[in-house]
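Asker: Numbering (our numbering), first residue to last: 45 to 501. Even for Gly, the Cβ is constructed at its ideal location relative to N, Cα and C. Remember, predicted model here, so these are calculated numbers, not experimental data.
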Amino acid sequence: MFSLFIQRNNHLKQSIHLIIFCFFLYKLTETILQYGTRIEIYKIICLSLINSTKLQQTICSGEITNDNNNNSIIINNDSIENQLLLYHVQRLSGYYLLIYRILLNLPATIACFIYGIYSNKYGYKISMLIPCLGAIIACTLFSISLLLMNNNLINYSIIFILIGGFIYGICGKSSAITMGANSYITNLTHINNRTSMLGRLLGINCLGLSIGTLLLGIFLTFFNYSDSIIFCTINNLLIVLILLFLVIDSNTNENIPILNDHSSLIQYNDHEKSIYCTNSMKLSDNHHHHHKNSSYGFIQLIIEQFYQSYQFLFQKNSNEKHQLLLILLFTVLFNQMTKSGEQDIILLYLRNEPTLWTSQLYSYYLTCYYGCMFIHLTFILPIIEQKFSLHDTTFIIIGLLLKIIRLLLFSITKHKEWLFFGVIIGSAAGYITSATIINNELHQCSCLKSITFELLK
45 MFSLFIQRNN HLKQSIHLII FCFFLYKLTE TILQYGTRIE IYKIICLSLI NSTKLQQTIC
105 SGEITNDNNN NSIIINNDSI ENQLLLYHVQ RLSGYYLLIY RILLNLPATI ACFIYGIYSN
165 KYGYKISMLI PCLGAIIACT LFSISLLLMN NNLINYSIIF ILIGGFIYGI CGKSSAITMG
225 ANSYITNLTH INNRTSMLGR LLGINCLGLS IGTLLLGIFL TFFNYSDSII FCTINNLLIV
285 LILLFLVIDS NTNENIPILN DHSSLIQYND HEKSIYCTNS MKLSDNHHHH HKNSSYGFIQ
345 LIIEQFYQSY QFLFQKNSNE KHQLLLILLF TVLFNQMTKS GEQDIILLYL RNEPTLWTSQ
405 LYSYYLTCYY GCMFIHLTFI LPIIEQKFSL HDTTFIIIGL LLKIIRLLLF SITKHKEWLF
465 FGVIIGSAAG YITSATIINN ELHQCSCLKS ITFELLK
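#1: Just confirm the distance between the C-beta atoms of Ala179 and Asn280, as a whole number of angstroms; I'd bet it's less than 8 angstroms.
#2: Taking the C-alpha atoms as reference points, what is the distance between Leu410 and Ile442?
#3: I'd like to check one pair, Ile143 with Leu206: are the Cβ atoms closer than 8 angstroms?
#4: If the criterion is Cβ atoms closer than 8 angstroms, does the pair Ser384 and Met417 meet it?
#5: Could you have a look at Thr73 and say whether DSSP puts it in helix, strand or coil?
#6: Less than 8 angstroms separating the beta-carbons of Leu287 and Leu177?
#7: Looking at C-alpha atoms only, which residue of Arg244, Ile273, Met241, Leu242 is the closest neighbour of Gly256?
#8: To the nearest whole angstrom, what separates the beta carbons of Phe67 and Ala225, a pair I think is in contact under 8 angstroms?
#9: Tell me the residue span of the alpha helix (DSSP H) that contains Pro175.
#10: Between Asn249 and the rest of its own chain, which residues show a CB-CB distance below 7 angstroms, the 5 nearest in sequence each way excluded?
#11: Which two residues bound the contiguous alpha helix (DSSP H) that contains Pro426?
#12: Is Phe204 buried or exposed, if buried means 16 or more other CB atoms sit within 10 Å of its CB?
#13: What does a CB cutoff of less than 8 angstroms around Thr55 pick up in its chain, not counting 5 residues either side in sequence?
#14: Using 8 angstroms as the cut-off, can you tell me whether the segment 435-449 makes contact with the segment 365-381, which would need three or more C-beta pairs spanning the two stretches below that distance?
#15: Whose C-alpha, out of Ile158, Ser201, Asn231, is nearest the C-alpha of Ile89?
#16: Is it the case that the Cβ atoms of Tyr393 and Thr399 are separated by a distance below 8 angstroms?
#17: Would you identify the three-state DSSP class for His13, choosing helix, strand or coil?
#18: How many whole angstroms separate the CB atoms of Ser92 and Ile170, which I take to be in contact at a CB cut-off of 8 angstroms?
#19: Take the Cβ of Arg82 as the centre, count every other Cβ of all protein chains shown within 10 Å, and call the residue buried at 16 or more, exposed below.
#20: Drop a sphere of 10 angstroms on the beta-carbon of His420, count the other beta-carbons inside from all chains shown, and report buried for 16 or more, exposed for fewer.
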């Protein structure tokens, strides 16, 4: 009997490590898809407005880089007309990038609420499977878009990209799989090991972003966008197979927290089995049973989730710690709100005069940013916390100041060396979202952040 118990615990440990591996693969493929698709949107809009092959190479594909010692090709060739054309490309691309973000993130917000309500009943594998299936469908639509563009049906090509983004978003994308992975690990790890496992998941998140942008640059340099879509499709299929056949369901009563000693297993407290995001929103079983077969009941259930979030944010008898938590939370959300437009603006800026960066160089710029952020959060931040014991507000201020310096360099210089220097020091912006949370309010705050980020991405 004891051997069966040990065998099951080993299987659960394997499932947790597989969840972390699947999360890494998903973040890697999503990074390739999302940044690659934004670059492709700019290229499609550019090709629809520009007929000159030379200008297409310069503005749309970035095949001819700008020389800092000479005037750009655009200025030397019908300067006023071409600059106006570039302005229209930038403006229309900005509109389509905005539409793409709305179609991608707004449905994902609704998906996170749905997964949060029903994950306790159906398990967390479903909230990780659906985003992978959505990514596969989106890759199919992106491939159709490429076929249409190759056949000079450029206006229809952008439509399939937008539809693909909507499908990708309505399936939950990275926020759903992040919520599922966090909840799965929280449910099956003991409190003594939970922080380290979730910290490992955070580090894997940054590692996936950095390697994903690096692979995107490699694909754009040596291959093309269609090859990256095939790569992402295969990886998502692999994740689906792993989740279906190798990962244990989390909603069975036999599963108990692991990664702790045997005495802790025996003395396990049922309260620790609660899920950090869905537990804060969970209603009574009778109330759920009364409404589960009614569409009206489902809408009422959603409204009650918002009401509970409001009650958490604005408690009547809040203490100083809760007020500090609110300040930290809204600071992080404000940073996320500005970050949402920042990524698209940087893309448009670097593809505009006078920089005219190539897509490959832009990808390596992102690789440098996320790679340095991974180093900050994985190595530098723990050392600072251990040696200096700084407050969360101090980390947020440091992150904001270094981020401001990085953004100011865009208005000061156009030289690649200084822009890469800015991204190295500005990668400390990861400190903003890594600030610790008061333990007794961890579940509510984590869920609010994960859901609100979808509205602001």
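Answerer: Concretely, from the data shown:
#1: 5 angstroms
#2: 21 angstroms
#3: yes
#4: no
#5: helix
#6: no
#7: Ile273
#8: 5 angstroms
#9: 169-194
#10: Lys71
#11: 425-432
#12: buried
#13: In the sequence as presented, Thr is not what sits at residue 55; that position holds His. Closer than 8 angstroms at Cβ, skipping near neighbours: Ile292.
#14: yes
#15: Ser201
#16: yes
#17: This structure gives no information on residue 13, because the portion of the chain shown stretches from 45 to 501.
#18: Wrong, their Cβ atoms sit about 40 angstroms apart, outside the cutoff.
#19: buried
#20: buried
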